[in-house]
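Working notes, structure below.
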Amino acid sequence: MSGIGFLGMPELGDEAKRIFDEDVEDLGYVMNVSRLWAYQPKAVKLFFGLFREVSVPHGLDDRQRAILVVACASAFGDSYCSLVWGTRLAAAAGEEVASGVLTGSDTGLTGEERAMARWARKVARDPTRTTQADVRELRDAGISDERIFAMTAFVALRIAFATVNDALGVPPDSAYRTRAPEAVLSAVTFGRSFQD
């Protein structure tokens, strides 16, 4: 197996092989991010555990998590997560909704979801510029302080994960050329390109 991004392939231990096997079982191929994180498979498992820990117990459902990831990834300029999660959002809410979150128009979102998407973009673009008024907007949309914290931690962790992948040159999986809906592909005009 050749390298991925800017790095060569590490020696594969049992944990990395298990991640690869899970990818093949779930998707039919090994994801590019799994190849990169084969350098530290325990760390990637911890990341995924943290994603769940900060979001699921605090009332963030699959659709809301997808909105947060798509909004922050597109604002951050990460094509990989935008394609993967944009495809998930399209499956859950429709292509128009996914395209709207990717482009920032937020077409088809509820008032609460629009507030969540705006917050995710602010955190991704410049967290030092958020204000009390931004948090008030979330509260006015019906989001509790507990969920505001959970959303913020979730978005920050997603940015950290994407930063490692992007900095080391990991391209989106080629499978998303056909797996992603056309509206999602058309909206992702940023970040790293597909590489065969």
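The sequence shown begins at 1068 in this note's numbering and counts up by one. Note that the Cβ used here is the ideal one computed from N, Cα and C, for glycine as well.
- Item | C-alpha distance - Met1223 paired with Gly1072, whole-angstrom precision | Numbered from 1 along the sequence shown, position 156 holds the residue referred to as residue 1223. Numbered from 1 along the sequence shown, position 5 holds the residue referred to as residue 1072. It is worth fixing the name first, because residue 1223 is Ala in this sequence and not Met. Distance between the alpha carbons of Ala1223 and Gly1072 is about 23 angstroms.
- Item | Same chain, Cβ closer than 7 angstroms to Ser1122, five either side skipped, listed in chain order | If you number the sequence shown from 1, residue 1122 lands on position 55. Once the five neighbours on either side are set aside, the close Cβ partners of Ser1122 are Arg1132, Ala1217, Phe1221.
- Task: Return the first residue and the last residue of the alpha helix (DSSP H) that Pro1108 is part of.
- Result: To locate residue 1108, count along the sequence shown from 1; it is residue 41. Counting along the chain, the alpha helix (DSSP H) containing Pro1108 begins and ends at 1108 to 1122.
- Message: I believe Ala1250 touches Glu1163 by the beta-carbon criterion, under 8 angstroms. Please report the beta-carbon distance rounded to the nearest angstrom.
- Response: Here residue 1250 refers to the residue found at position 183 of the sequence shown. Here residue 1163 refers to the residue found at position 96 of the sequence shown. Rounded, the Cβ-Cβ distance is 7 angstroms, consistent with contact.
- Nearest-angstrom Cβ-Cβ length linking Gly1126 and Arg1214, presumed shorter than 8 angstroms: Numbered from 1 along the sequence shown, position 59 holds the residue referred to as residue 1126. Numbered from 1 along the sequence shown, position 147 holds the residue referred to as residue 1214. About 6 angstroms separates the beta carbons of Gly1126 and Arg1214, which is inside the 8 angstroms limit, making them a contact pair.
- Every unbroken alpha helix (DSSP H) inside the region 1135 to 1176 [4 residues or more]: Listed in chain order, they are 1146 to 1160, 1162 to 1170.
- By Cβ distance below 7 angstroms, which residues in the same chain neighbour Ala1159 in space, the five residues on each side in sequence not counted? For this step, residue 1159 is matched to residue 92 along the sequence shown. If we look at Ala1159 and ignore the five residues flanking it on each side, its Cβ neighbours are Asp1129, Arg1130, Ala1133.
- As assigned by DSSP and simplified to three states, the class of Ile1215: Here the question's residue 1215 lines up with position 148 in the sequence shown. If DSSP states are grouped into helix, strand and coil, Ile1215 belongs with the helices.
- Query: Going by Cα to Cα distance, which pick from Asp1240, Gly1236, Ala1242 is closest to Gly1075?
  - Reply: Working through the sequence shown from its first residue, we reach residue 1075 at position 8. Checked all of Asp1240, Gly1236, Ala1242; the closest Cα to Gly1075 is Gly1236.
- Could you tell me the boundaries of the alpha helix (DSSP H) in which Thr1198 lies? Stepping through the sequence shown from its first residue, residue 1198 is reached at position 131. Counting along the chain, Thr1198 falls outside any alpha helix (DSSP H), and DSSP gives it neither H nor E.
- Counted within 10 angstroms of its Cβ, other Cβ atoms place Tyr1147 as buried (16 or more) or exposed: Sequence index remark: in the sequence shown, residue 1147 carries index 80 (1-based). Classification of Tyr1147: buried, given that the 10 Å Cβ count is 16 or more.
- Query: Smallest Cα separation from Thr1256: which of Val1111, Ser1141, Ala1105, Gln1107?
  - Reply: The residue given as residue 1256 occupies position 189 in the sequence shown. Cα-wise, what sits closest to Thr1256 is Ser1141.
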